[in-house]
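Last residue of the sequence shown: 240 (the working numbering), numbering continuous. To start, the structure under review is shown below, and the notes come after it.
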Amino acid sequence: MKKVIIYVHGKGGSASEIERFKEICPNYDFVGVAYQEYLPWIVEKQITDVYDQVSSQYDQVLILANSIGAYFTMLTKKMNIKKALFISPLLNMEQYLEDLLAKNSVTESELEQQKVVSINGEEITWKSLQYVRKNPVVWKVPTEILYGEHDDHTSMETLDSFTKSHNAHITIMQGGQHRFHTREQLAFLNNWLKKSLS
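Written as structure tokens, this is what we have:
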């Protein structure tokens, strides 16, 4: 049985990250989605395009997505995905954007007038906020989630709410953060990935 994992990186990441996952998952082929824009309607189409290119060549297609890549993935429709594996996923983009604006004292009226604001190097556009609101996530794929206890992008409340309404199983790393980058965190991620695919 031929199996492929489509990898969707997070903010500041790249499709080349699949190289480290290939060693952990030798029974799977990997294809990365190379995107540089962070506009949801653009990335959603790029993910779907990659799926359309590879799906006919494999018996099973899985998704591995990191952070905002998980959100973009959940916007897709009509993909036959066996399982999704989400690392530190952004599960409620509307809440995330609203919180980001509030924490930086930017009102929605100001965002609407300016069209785009930069917060901590991250651009938030009025068009994106409206798109997020008009396109709620409808996600029915069985999903494994890896979550760091101290994730500052997705709250525990959002995580609980998501799992109650979706077919998802959570693994929490005590002391973990949104970004898995230390040796201990990466080892935990590797073990989670192996277990999730076994």
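We treat Cβ as the ideally placed atom computed from N, Cα and C, and that holds for glycine. Everything numeric in this text was worked out from a predicted model, so none of it was measured.
8 Å contact criterion, which residue i and residue j should meet: CB distance rounded
i: I84; j: T115; result: Contact flag wrong, Cβ pair sits at about 14 Å.
i: T205; j: I212; result: 6 Å
i: L201; j: I166; result: Wrong, their Cβ atoms sit about 23 Å apart, outside the cutoff.
i: Q99; j: K44; result: 7 Å
i: E59; j: H51; result: 6 Å
Contacts around residue i, its chain only, beta-carbon distance under 7 Å, and the 5 residues preceding and following it disregarded
i: L239; result: C67
i: V92; result: I48, V73, V75
i: E86; result: F114, L117, T118
i: I123; result: V103, L104, I105, V183
i: N69; result: K45
i: D101; result: M43, K44, K45
Among the options, the one whose alpha carbon lies nearest that of residue i
i: G218; options: D194, K64, G163, Q102; result: D194
i: Y232; options: L153, Y100, F128; result: A small correction: the amino acid at residue 232 is Asn; Tyr does not occupy that position in the sequence shown. Nearest of L153, Y100, F128 to N232, Cα basis: F128.
i: K169; options: E59, K64, S56, Y80; result: Y80
i: I48; options: A210, A112, S160; result: A112
i: M135; options: S109, E154, Q155; result: S109
i: S56; options: K45, Y77, E65, N69; result: Y77
i: M198; options: Q216, R225, W181; result: Q216
i: F230; options: A126, S130, E164, N209; result: S130
Cut-off 6 Å between Cβ atoms - residues of its own chain near residue i, not counting five sequence neighbours on either side
i: H223; result: none
Distance between residue j and residue i (C-alpha atoms, nearest Å)
i: L104; j: Q172; result: 29 Å
i: I161; j: Y138; result: 13 Å
i: V158; j: L132; result: 21 Å
i: H192; j: H220; result: 7 Å
i: V180; j: S203; result: 14 Å
i: Q95; j: K120; result: 14 Å
i: E154; j: K237; result: 45 Å
i: D245; j: T196; result: This structure cannot settle anything about residue 245, because the visible part of the chain is limited to 43 through 240.
i: N209; j: R225; result: 30 Å
i: G163; j: K53; result: 11 Å
i: N177; j: E65; result: 36 Å
i: M125; j: S97; result: Residue identity check: residue 125 is Lys in the sequence provided, not Met. Approximately 14 Å between the Cα atoms of the pair.
i: Q156; j: S207; result: 36 Å
Neighbourhood of residue i by C-beta, 8 Å cutoff - its chain only, sequence neighbours within 5 removed
i: V174; result: P82, M135, E136, L139
i: F63; result: I47, Y49, F72, L106, L235
i: E152; result: V159
i: L228; result: F222
Report task. May I ask you to verify whether the region 143-162 touches the region 183-195, counting CB pairs closer than 8 Å and requiring at least 3? Result -> no
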